[in-house]
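J.:
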Amino acid sequence: MEKLILSFNDFKKDKKITVQNDKLDFEFAKDDIVKGANLFFSFEANKYDDVINVVGNVKGTMSFECSRCLSFFEQNVNISFECSWTKEEFEYDVLKEIKETVLLNIPAKPLCKQDCKGLCQYCGNNKNIKDCFCEQNRVDEFVAEKWSKIKKLK
Ligand SMILES: [Zn+2]
Ligand SMILES: [Zn+2]
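All you need for my numbering is the position in the sequence shown, starting with 1, plus 33.
1) For Asn161, which option in Asp148, Asn170, Val127 has the closest C-alpha, if you only look at C-alpha atoms?
2) Using the beta-carbon count (16 or more within 10 Å), is Tyr81 buried or exposed?
3) Can you tell which of Asn158, Ile139, Asp164 has the C-alpha that lies nearest to the C-alpha of Asn98?
4) Spell out the partners DSSP gives Ile50 in its beta bridges.
5) Could you tell me the distance, in whole angstroms, from the CA atom of Asp164 to the CA atom of Asp58?
6) With 16 as the cutoff for other CB atoms within 10 Å, does Phe105 come out buried or exposed?
7) By alpha-carbon positions, which one of Ala70, Phe74, Asp43, Asp64 ends up nearest to Gly54?
8) Taking only three categories from DSSP, how would you classify Leu37?
9) For chain C, find out if any of its Cβ atoms is closer than 9 Å to the Cβ of Asn54; answer yes or no.
10) Assign Phe44 to one of three DSSP states: helix, strand, or coil.
Below, the structure written as structure tokens:
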């Protein structure tokens, strides 16, 4: 589904339109932070005199690439949204509103876990899985080099 246009004319018979667990087609680029999405949206649209009000939510899962260790992980999504439009606006793309809400909720720097240790800058090892002591070795080398210089000076 590309668009979901609602207009005041759609509410002629009923003052309420309900959508339950419709699949949200979510497109993303290959270099996007989002690597996959399995999302469903529900909402209830109510018509009042001059205003239509929509209240709903998006549920499902999204997968991301961790910004520190580059591993893929899945996260549960549960986003509420609300929007409304007036008679002057005539019609309204609810799907666009839903997609924008989802986009706003995507983390700028997703983390597989809050204390992700990331990759070693020397050997590329994922430090969440095992320690590699590269940093400690660098410090040791640095200290040893300093000492050898000091010794030469003596
Ligand atoms: Zn991570
Ligand atoms: Zn390392």
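No residue lacks a Cβ here, since even glycine has one placed at the ideal position from N, Cα and C.
Keep in mind it's a predicted model, so treat the numbers as computed, not measured.
T.: A quick look at the data gives this:
1) Your numbering for residue 161 matches position 128 in the sequence shown. Out of Asp148, Asn170, Val127, Asp148 has the C-alpha closest to the C-alpha of Asn161.
2) For the purposes of this step, residue 81 is taken as residue 48 along the sequence shown, with counting starting at 1. Classification of Tyr81: exposed, given that the 10 Å Cβ count is below 16.
3) Walking along the sequence shown from the start, residue 98 turns up at place 65. Looking at the sequence itself, residue 98 is Glu, so the reference to Asn does not match. Looking at the Cα atoms, Ile139 is the closest of the given residues.
4) Taking the first residue of the sequence shown as 1, we reach residue 50 at position 17. Ala78.
5) Stepping through the sequence shown from its first residue, residue 164 is reached at position 131. Stepping through the sequence shown from its first residue, residue 58 is reached at position 25. Spanning the two alpha carbons is a distance of roughly 40 Å.
6) Walking along the sequence shown from the start, residue 105 turns up at place 72. The residue in question, Phe105, is exposed, as its Cβ has fewer than 16 Cβ neighbours within 10 Å.
7) On the sequence shown, position 21 is the one that residue 54 refers to. Reading off the sequence shown, one finds Asn at residue 54, where the question assumed Gly. Per the Cα distances, Phe74.
8) Along the sequence shown, read from residue 1 onward, the residue named residue 37 stands at position 4. In this structure, Leu37 counts as coil in the three-state DSSP scheme.
9) Checking the listed chains, one finds no chain C in this structure; it contains a single protein chain.
10) Sequence index remark: in the sequence shown, residue 44 carries index 11 (1-based). Three-state DSSP puts Phe44 in a helix.
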